[in-house]
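Below is one structure, written out as structure tokens, with a few remarks after it.
There are 2 protein chains.
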Amino acid sequence: MWSVSTSERLIESTRELLWERGYVGTSPKAIQRRAGAGQGSMYHHFDGKPDLALAAITRSADELRVAADAQFTAPGTAVERITAYLRRERAVLKGCPVGRLTQDPDVMADATLRRPVEDTFAWLRERIAGVLTEGVQSGELAAGLDPAATAATVVAVVQGGYVLARAADSTTPFDQAVDGVLGLLAAQPAG
Amino acid sequence: MWSVSTSERLIESTRELLWERGYVGTSPKAIQRRAGAGQGSMYHHFDGKPDLALAAITRSADELRVAADAQFTAPGTAVERITAYLRRERAVLKGCPVGRLTQDPDVMADATLRRPVEDTFAWLRERIAGVLTEGVQSGELAAGLDPAATAATVVAVVQGGYVLARAADSTTPFDQAVDGVLGLLAAQPAG
DNA sequence: GTCTATACGGCGATAGAC
DNA sequence: GTCTATCGCCGTATAGAC
Chain L
1 MWSVSTSERL IESTRELLWE RGYVGTSPKA IQRRAGAGQG SMYHHFDGKP DLALAAITRS
61 ADELRVAADA QFTAPGTAVE RITAYLRRER AVLKGCPVGR LTQDPDVMAD ATLRRPVEDT
121 FAWLRERIAG VLTEGVQSGE LAAGLDPAAT AATVVAVVQG GYVLARAADS TTPFDQAVDG
181 VLGLLAAQPA G
Chain R
1 MWSVSTSERL IESTRELLWE RGYVGTSPKA IQRRAGAGQG SMYHHFDGKP DLALAAITRS
61 ADELRVAADA QFTAPGTAVE RITAYLRRER AVLKGCPVGR LTQDPDVMAD ATLRRPVEDT
121 FAWLRERIAG VLTEGVQSGE LAAGLDPAAT AATVVAVVQG GYVLARAADS TTPFDQAVDG
181 VLGLLAAQPA G
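Have a look at this one:
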């Protein structure tokens, strides 16, 4: 048996804290405490708070892509895959670990930290637009459906659903928002 | 002529800073500087940071309701009013001054500060559901459309649209997300 | 009402011993 | 690699003079 390395624990602790409290609300001291690491230890492995945050953000972004891609790559019609993506299990009340960073002024002001966030959503919209395009081409979806716009809608419903859920302190509005788009999508006249 | 009162300037400065940097990222000192008020002045008019934040949040929430209600109360069909709401002019890259607070752990942990946020979104979903119900009843929208779910979708698209716009540093994805839902809504088979 | 003085702990980092 | 010491500045107030 072996324990995870200190640097590993620092990254994971940072990921959790960024998720819970954001960049501005997360201090090096809090990270160290959660990781069970000392001051010197943290500054040995990382240059400072931004460097550690970059490692954490990059990992969260990568995880998000992998998790999402699993739904889009699975077999099924376009609508089935979009449905699988929207209905996949999520920590709804915690919100999106990547989308959350969008509200963090110090993250958005730093080009390096901002990059993974920007790339993640660009990729996600692109990927979903691709799935929708397949649906249009196969005649499953109306020919008039705009894949890029609809993809943005799908991603926005998820991100906005988190906001509504947190505001209500209940997962219900998230589920409703998802049901809402899926209802609209299902009622489309076939192409 | 008269100048605005100091307490008024403190509230407005707090609103701006909460919008730009969130509660955790906003310090009393920063508020004072922006308001052109001294330390003692701020603590004379308000009990402290939470008290001042409550005044700011309440006002922003009230403003949001008034602005939204204008679209819903205007004449027009249900879809026209929803469209007016979704397309109304917004500071897209700044995001929603109320929805943003949803990501602020210290706001959500304080029942008093949280209240206006919760109420605002509950009201908004309710209000939109009402408009959609009218649309269903008049036959403008399909009988199968779920007003509550679709209302959640509409609000989520706006809130999520802000996230996408900030991530991309461009208003384009917001507009696409809006176009996307409106496209789906318009393509509904009539009831 | 507004000002200055003072307080104490936390933030983010560096230095140097072990 | 990890620890403790130290640093200067900021956050969030309180006290009391004007």
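Just so you know, the protein sequences line up as chains L and R, in that order.
All letters in the first sequence, in the order written, are residues 1 to 191 by full-length UniProt numbering.
All letters in the second sequence, in the order written, are residues 1 to 191 by full-length UniProt numbering.
Every residue gets a Cβ at the ideal spot worked out from N, C-alpha and C, and that includes glycine.
Work out the CA separation of residue j and residue i for me, nearest whole Å.
i: R/Gly183; j: R/Arg65; result: 26 Å
i: R/Leu141; j: L/Leu141; result: 19 Å
i: R/Ala74; j: R/Glu118; result: 25 Å
i: R/Lys94; j: R/Arg166; result: 8 Å
i: L/Trp19; j: L/Met42; result: 19 Å
i: L/Ser7; j: R/His45; result: 47 Å
i: R/Gln137; j: R/Gln188; result: 15 Å
i: R/Ala91; j: R/Val155; result: 16 Å
i: R/Gly160; j: L/Pro116; result: 18 Å
i: L/Val24; j: L/Pro50; result: 11 Å
i: L/Leu101; j: L/Trp123; result: 17 Å
i: R/Arg9; j: R/Ala35; result: 5 Å
i: L/Lys29; j: R/Thr14; result: 28 Å
i: R/Ser3; j: R/Ala70; result: 29 Å
i: R/Val131; j: R/Val158; result: 17 Å
i: L/Ala148; j: R/Val181; result: 12 Å
i: R/Ala56; j: L/Ala78; result: 45 Å
i: residue 194 of chain R; j: L/Ala143; result: Not covered by the structure: residue 194 of chain R. The range shown for chain R is 1 to 191.
i: R/Thr150; j: L/Thr150; result: 15 Å
i: L/Arg21; j: L/Asp62; result: 20 Å
i: R/Gln39; j: L/Thr58; result: 41 Å
i: L/Glu89; j: R/Ser5; result: 51 Å
Please confirm if residue i has its CB atom under 8 Å from at least one CB of chain L.
i: R/Val157; result: yes
i: R/Arg166; result: yes
i: R/Gly130; result: no
i: R/Pro189; result: yes
i: R/Glu140; result: no
i: R/Val92; result: no
i: R/Phe46; result: no
Ends of the alpha helix (DSSP H) at residue i?
i: R/Leu124; result: Ala111 to Gln137
i: L/Phe72; result: Lys49 to Thr73
i: R/Tyr85; result: Ala78 to Arg87
i: R/Gly95; result: Neither: R/Gly95 is in no alpha helix (DSSP H) and is coded neither H nor E.
i: L/Asp20; result: For the record, residue 20 of chain L in the displayed sequence is Glu; it is not Asp. Its alpha helix (DSSP H) spans residues Thr6 to Arg21.
i: L/Leu185; result: Thr172 to Ala186
i: L/Gln39; result: Gln39 to His45
i: L/Ala152; result: Pro147 to Ala168
i: R/Ala30; result: Pro28 to Ala35
i: L/Asp106; result: Pro105 to Met108
Report the residue from the options whose alpha carbon sits nearest the alpha carbon of residue i.
i: R/Val163; options: L/Thr153, L/Ala148 and L/Ser170; result: L/Thr153
i: L/Thr112; options: L/Leu52, L/Gly180, L/Ala37 and L/Phe174; result: L/Leu52
i: L/Met108; options: L/Ala186, L/Arg33, L/Leu54 and L/Val181; result: L/Leu54
i: L/Phe121; options: L/Asp106, L/Pro97 and L/Pro105; result: L/Pro97
i: L/Gly48; options: L/Ile31, L/Asp62 and L/Ser60; result: L/Ile31
i: L/Arg127; options: L/Glu16, L/Glu89, L/Gln176 and L/Arg81; result: L/Arg81
i: R/Tyr85; options: R/Glu16, R/Arg125, R/Ser27 and R/Ser170; result: R/Arg125
i: L/Glu12; options: L/Ser60, L/Gln39, L/Gly40 and L/Gln176; result: L/Ser60
So is residue i in contact with chain R if we call contact Cβ pairs under 8 Å?
i: L/Val136; result: no
i: L/Pro75; result: no
i: L/Gly180; result: yes
i: L/Glu20; result: yes
i: L/Glu63; result: no
i: L/Gln176; result: yes
i: L/Ala143; result: no
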